[in-house]
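Visitor: Here the protein sequences line up with chains A and B, keeping their order. Start counting the first sequence at -5; every next residue gets the next number (our numbering). Start counting the second sequence at -5; every next residue gets the next number (our numbering). The beta carbon of each residue, even a glycine, is placed where N, CA and C say it ideally should be. Have a look at the structure that comes next, please.
2 protein chains.
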Amino acid sequence: MSELYGYAGKILYVDLSKQKFMEEKLQTDVARKYIGGSGLAAYIIATKANLDAEPFSEDNLLVFASGPVTLPYIPTSSRLSIASRSPSTRAWGEARVGTAFPHDLKKTGYDAIVVHGRSEEPVWIYIEEDHVEIRDASKMWGKNTGEVFDLIRSSTGKKEVSALAIGIAGENLVKYAAIVSNEGGVAGRTGLGAVMGYKKLKAIAVAGGKRSVPVANEEKLKEYAKQLTLKMYNSPGGKRLRDYGTAGAVDRYYQLGNIPIKNFSKGLWSDESVKKISGQYLREKFFERHSPCFNCPIMCKRLSRIRVNSKELVVRTPDYETVCMLGSNLLIDDTTMVIYANHLCNEYGLDTISLGGVLGFAFEAYEKGLITKEDTGGLELRFGDAKILPELIEKISKREGKLWYILGEGVKFASEFIGRGSYKFAVHVKGLEAPAHDGRAFFVQGLSYATINRGACHLAWPHRVAQGSTYPEIGIREPIDRFQVDGSWFVVKQMQDFMEIFDSLIICKYAISAGLGPKEVVDLLQLTTGWDVNIAEVMKIGERTFNLKRLLNIKWGITSKDDKLPPRMMEPLPEGGAAGKVPDLDRMLREYYKVRGWSETGVPTMDKLKELELNIPGLTVS
Amino acid sequence: MSELYGYAGKILYVDLSKQKFMEEKLQTDVARKYIGGSGLAAYIIATKANLDAEPFSEDNLLVFASGPVTLPYIPTSSRLSIASRSPSTRAWGEARVGTAFPHDLKKTGYDAIVVHGRSEEPVWIYIEEDHVEIRDASKMWGKNTGEVFDLIRSSTGKKEVSALAIGIAGENLVKYAAIVSNEGGVAGRTGLGAVMGYKKLKAIAVAGGKRSVPVANEEKLKEYAKQLTLKMYNSPGGKRLRDYGTAGAVDRYYQLGNIPIKNFSKGLWSDESVKKISGQYLREKFFERHSPCFNCPIMCKRLSRIRVNSKELVVRTPDYETVCMLGSNLLIDDTTMVIYANHLCNEYGLDTISLGGVLGFAFEAYEKGLITKEDTGGLELRFGDAKILPELIEKISKREGKLWYILGEGVKFASEFIGRGSYKFAVHVKGLEAPAHDGRAFFVQGLSYATINRGACHLAWPHRVAQGSTYPEIGIREPIDRFQVDGSWFVVKQMQDFMEIFDSLIICKYAISAGLGPKEVVDLLQLTTGWDVNIAEVMKIGERTFNLKRLLNIKWGITSKDDKLPPRMMEPLPEGGAAGKVPDLDRMLREYYKVRGWSETGVPTMDKLKELELNIPGLTVS
């Protein structure tokens, strides 16, 4: 049993090359300094990985990590952090997924799994209490995720098994291949599915653990969790998400010029079209039932019923990012096809955000004559053509033919390959395709895109502050105007550091919409771990992990030169809610580096690292 | 005019991103410490490049360099060194090509061209005296090299233009794309054609320069060169190469078990088949005429007349490496098709060595059922099937379809993608496919493969010493047995360092077969530059550049872990001239590191770097 409250106490290392396992005790000081989840994964990679290793190499590590508050009764804690050096950006890569997997993992005695090496034959990892197996996955190879989960269930003979798998996109090393959970959640970003594919690791499953995780103050914690669950359930934000899912925000964000339209080139679309990708419309026309993450009071996830090719299907409802990236971004308002495309992405294991970015890029390149019918094998790539989505998803996942192979590398590579000015509409940061928020609609979002470690990532959510939220406990005492430059750096830094904590605890980001703020974070951490923490220490931990990931990026050659927005996002939109606005990124970056305590070239100073007690051999600055 | 004898005196920097040029004076101390060619290129990359830059990035530099003895009247000096960080190995990349290009370049006032940045549109660079242009290459894009050279000639209106170009393999970023010269020579290894492709640089041409290069002692040098030319012309080695080309060695090397047969798995082939890829047979049946590099007395290069699809063609005759890699390695003895495949490789711009390695790997994977007809689109990949070569060359160059894309990444990636034990027959070192010499037939060659900076490269030629050659001036006073382990490290180190000088002067490696040894190297260098050099200083320079490249590799993550031989080359051959023999690589490496003055982990020590006066900021060791 762990000496640490809130933790299972051990980390499992699986070496696929040598087909061996090893356990290590989770050190108390490591837990205190990095908490868990994303922070712990960063620490493990920084200290255990060969940092010279390529993303596609035996030595790259793939970490699956839970956190101390990953406990079945804590709301929005059914969440797993996955991290690795990203094959897409070659930088820090991470993604989270809503699943009971981490609960089940902790019951087997492990807080985290670290996979290294690679197998020659397809394998999957099966973990029970006191028992780890590397199993043959040759029958799973080439299969979609749904089938893989069926095979896992039947081969284990267990109903209650938590599993993660890749589809054929991951097998084929598509740079935005996702890792999919058997409950339907997806760890989409930064191509971690391709890391699994490279390692020939088709799936990982856990079942049957019976260990309990001790917490510092169980009675109080359970009561607190119960009250918090009720509070979140009854919060206006929680209710809105429950009613309409995250796509409920489509119309509001459309008004603000925040949703991507035609590869981020336009600010207006027809009201009817906007309506047809909205959560309200999805609810009205397609809603089948809720399908929440385990024990989540928000319940944003849901299923839809659709009819495709005269077949009825009940599939996961796409979220906000997906309806925008595969909808408005492609001028597609065929709701059924957007839902179906989302389903196919889950089956083939593709990140819908990056796919939407890649297709937006490809459609624009086709429109401009930079991709021709000769390249596509006769297909027309046209904005607004929903019918073509299934074929494109399959072609990219299977990498059939040169163009599809190239598009499977992401927009950065594709634009470099195609050349001829196409970089101007390749919408990515550090190689990661931008999601469905616009740095021109929320300048804080623009700055955050440019600086967050994994590339264009919206999940530091500074734009909440530009929509009225304040977090006085972390110094954000008043909202910021969405076009405000002054002070944007402070908001961005604080939200980035704060959201690091969410990813380390690990708690869903939507919890913040349902009222889980800095106070609750501290309360949960105290009651679970027994640590005498306060918000200042928590924020310091968040800042530490953010800086650690920055150091890793610098080690990997990703530096201030890469802190930028795509050219498309530096041109003003011609119309709509953000018309004519472009952030003054140069100034924002200068001030951001200062408020971060970094040098003018974006490198953490020695003083800052000392302050953060961040001293990892091989990751120093000069 | 240069203050340096033997040099034009300036380096031309071309920035394709900014479409700008810049000149820099060649510094006297740099010339003295690194000479030119490969050594100068290593110095330029080490000091001017952003060493964090990816092979495919704006910041990667591509250097074209001549040397001080690159003078039309010096025999075997019509040779250009090209270097970059390799996209194939991610390590030090270099290749040389026989061409009058460097003579013409020096006449325009430049010793070297350094290309950085990348263009959005296809371009080519045209250099005349006092005039540099970046020209539109959109009409050349998609064209084979022969057509490109025609377009260059017609667009410049000059008959006498020296040009280098890539074919479609380079455009498509095939990792073993070559750079081809209009005289027919090929800089094949380490994928430098893909670096040009990434930069959208289709070709580079030079013409019309009238500057003369001053030398220290022109009269004496010219007389010396004349005598040397006669000596080389009349040498037995020179004569043999002139009579039969480099492929004249096929039979001799077959007897020794040195030629690759069936992807390096066999030691015997039929005598008739061996004969049909030999230089003697090529001479007897296909010889059209000699086609030597400018002013070369050896004249190993020649043209062949073949009839393919009822068309007569006069094309370049394949060299030793090519007849083996596309012949015996694939069990192909159809001489016409080997000659034709070589021609197609020159047109599409593919390295024949790596292509032969890739096809050997693919054929074996097909034989073992790891590649199926489903993957090939119905094609059968069978050893011995010559008819399929043209189609495979086209498919790989065009990257049509997933399998062909993957094979275009080289055997390392392909074996990782395919998995299932295929690494066991992926014959490469550091990602570079092995050429047509076997480390089991010459243990010194095995050690050199494992340690030379660009990966499996035969061009340090230590196996000359295992065939009776001695070089007392550099301490090699007696031959070594080809299966001898003791002392192999010294021979390998000395030959590697000595051959660095050949690549820096720059002089063809075959000159050594025609009697150009350490003494002649010193004589030529003295008479050209006026430096008071001796063989000790020359060898120190060679050791310096070798160590500099090693430091670059270490910076790029390529370390002692990569100093190894492919598994296939560590299994004994079942029969033939090297049956049952495998080098004791571990011991050889240990002693090699010692004799190099490196640490046990293969890192140059501070003492060694001091001794070599090798002190480049950012390239230190700890």
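For chain B, check one thing: does any of its Cβ atoms lie closer than 7 Å to the Cβ of A/Tyr360?
Guide: A/Tyr360 does not count as touching chain B.
Visitor: In whole angstroms, what separates the C-alpha of B/Met(-5) from that of A/Arg112?
Guide: With a pLDDT of only 49 at B/Met(-5), under 50, the local geometry of the prediction cannot be trusted, and no value is derived from it.
Visitor: In the DSSP assignment, the beta strand (DSSP E) including B/Arg129 goes from what residue to what residue?
Guide: First-last of the beta strand (DSSP E) with B/Arg129: 125 to 130.
Visitor: Relative to the C-alpha of B/Ile506, which residue among B/Met533, B/Lys279, B/Trp455 is closest?
Guide: That would be B/Trp455, whose Cα lies nearest to the Cα of B/Ile506.
Visitor: Taking A/Gly415 as the query, report the chain B residues whose CB atoms sit under 7 Å from its CB, ordered along the chain.
Guide: Chain B residues near A/Gly415: Glu114.
Visitor: For A/Glu394, which residues in chain B fall below 8 Å Cβ to Cβ?
Guide: Within 8 Å Cβ-Cβ: Gly395, Lys396.
Visitor: By alpha-carbon positions, which one of A/Pro254, A/Leu325, A/Glu217, A/Lys225 ends up nearest to A/Ser267?
Guide: With distances taken between Cα atoms, A/Ser267 lies closest to A/Leu325.
Visitor: Whose C-beta lies closer than 6 Å to the C-beta of B/Gly440 among residues of the same chain, with five residues either side of it excluded?
Guide: Cβ neighbours of B/Gly440 beyond the five flanking positions: Gly433, Leu559, Pro577.
Visitor: Is the beta carbon of A/Gly354 closer than 7 Å to that of A/Asn323?
Guide: In this structure, A/Gly354 lies closer than 7 Å to A/Asn323 by Cβ.
Visitor: Is B/Tyr67 helix, strand or coil by DSSP?
Guide: Residue state, collapsed to three classes: coil.
Visitor: Check whether chain B comes within 7 Å of A/Lys194, counting only Cβ atoms and requiring the distance to be less than that.
Guide: At least one chain B Cβ lies under 7 Å of A/Lys194.
Visitor: A/Ile38 lies in the alpha helix (DSSP H); which residues open and close that run?
Guide: Its alpha helix (DSSP H) spans residues 31 to 42.
Visitor: Buried or exposed: where does B/Asn303 fall if 16 or more other Cβ atoms within 10 Å of its Cβ makes it buried?
Guide: Flag for B/Asn303 reads exposed.
Visitor: Determine, for A/Tyr399, whether the minimum Cβ-Cβ distance to residues of chain B falls below 7 Å.
Guide: It does; some Cβ of chain B falls within 7 Å.
Visitor: Which residue wins for smallest C-alpha separation from B/Val57, given the options B/Tyr104, B/Ala94, B/Ser72?
Guide: Closest option to B/Val57, Cα to Cα, is B/Tyr104.
Visitor: Starting from A/Asp105, follow the beta strand (DSSP E) in both directions and report where the run begins and ends.
Guide: Here the beta strand (DSSP E) through A/Asp105 covers 104 to 110.
Visitor: So for A/Val527, helix, strand or coil by DSSP?
Guide: Note: A/Val527 maps to coil in three-state DSSP.
Visitor: Can you determine whether any heavy atom of the ligand COA sits closer than 6 Å to the C-beta of A/Met226, and answer yes or no?
Guide: Looking at this structure, you won't find the ligand COA or any other ligand, since it has none at all.
Visitor: For A/Glu410, return the contacting residues in chain B, with the cut-off set at a CB-CB distance below 8 Å.
Guide: Neighbours of A/Glu410 on chain B, chain order: Phe50, Arg112, Tyr192.
Visitor: Can you name the residues of chain B whose CB is closer than 7 Å to the CB of A/Asp46?
Guide: Chain B residues near A/Asp46: Gly551.
Visitor: Would you identify the three-state DSSP class for B/Ala172, choosing helix, strand or coil?
Guide: If DSSP states are grouped into helix, strand and coil, B/Ala172 belongs with coil.
Visitor: Beta carbon of A/Gly92, beta carbon of A/Ser78: below 7 Å?
Guide: Against a cut-off of 7 Å, the Cβ pair of A/Ser78 and A/Gly92 comes out as no contact.
Visitor: The beta strand (DSSP E) spanning B/His457 covers which residue range?
Guide: Counting along the chain, B/His457 falls outside any beta strand (DSSP E), and DSSP gives it neither H nor E.
Visitor: If we ignore side chains and look at the alpha-carbon of each, how far apart do B/Thr445 and B/Val486 end up?
Guide: C-alpha separation (whole angstroms): 9 Å.
Visitor: Check whether the Cβ atoms of B/Met16 and B/Tyr28 lie closer than 7 Å to each other.
Guide: Cβ distance not < 7 Å, so B/Met16 and B/Tyr28 don't count as in contact.
Visitor: Of the choices B/Trp483, B/Phe436, B/Arg301, B/Asn54, whose alpha-carbon is the least far from that of B/Arg476?
Guide: Nearest option by C-alpha distance: B/Phe436.
Visitor: Would you mind working out which of A/Ile5, A/Gly191, A/Lys279 sits nearest A/Gln21, comparing C-alpha positions?
Guide: Ranking the options by Cα distance to A/Gln21, first place goes to A/Ile5.
Visitor: By DSSP, does B/Val200 sit in helix, in strand, or in coil?
Guide: Reduced to three states, the DSSP call for B/Val200 is strand.
Visitor: Once the 5 residues before and after A/Ser554 are set aside, which same chain residues still bring their CB inside 6 Å of it?
Guide: Cβ neighbours of A/Ser554 beyond the five flanking positions: Thr595, Gly596.
Visitor: So, is B/Asn228 buried or exposed, given that buried needs 16 or more other C-beta atoms within 10 angstroms?
Guide: Classification of B/Asn228: exposed, given that the 10 Å Cβ count is below 16.
Visitor: Kindly list the residues whose CB is nearer than 7 Å to the CB of B/Ile474, restricted to its own chain and excluding five residues on each side of it in sequence; keep chain order.
Guide: Once the five neighbours on either side are set aside, the close Cβ partners of B/Ile474 are Val438, Val459, Ala460, Gly481, Ser482, Val485.
Visitor: Can you give me the start and stop residues for the alpha helix (DSSP H) that A/Lys214 sits inside?
Guide: It spans 212 to 228 - the alpha helix (DSSP H) in which A/Lys214 sits, taken as one unbroken run.
Visitor: Please report the straight-line C-alpha distance between B/Ile610 and B/Thr41, rounded to a whole angstrom.
Guide: The straight-line gap from Cα to Cα measures roughly 7 Å.
Visitor: On the three-state DSSP scale, how would you describe B/Phe377?
Guide: Coil, per DSSP.
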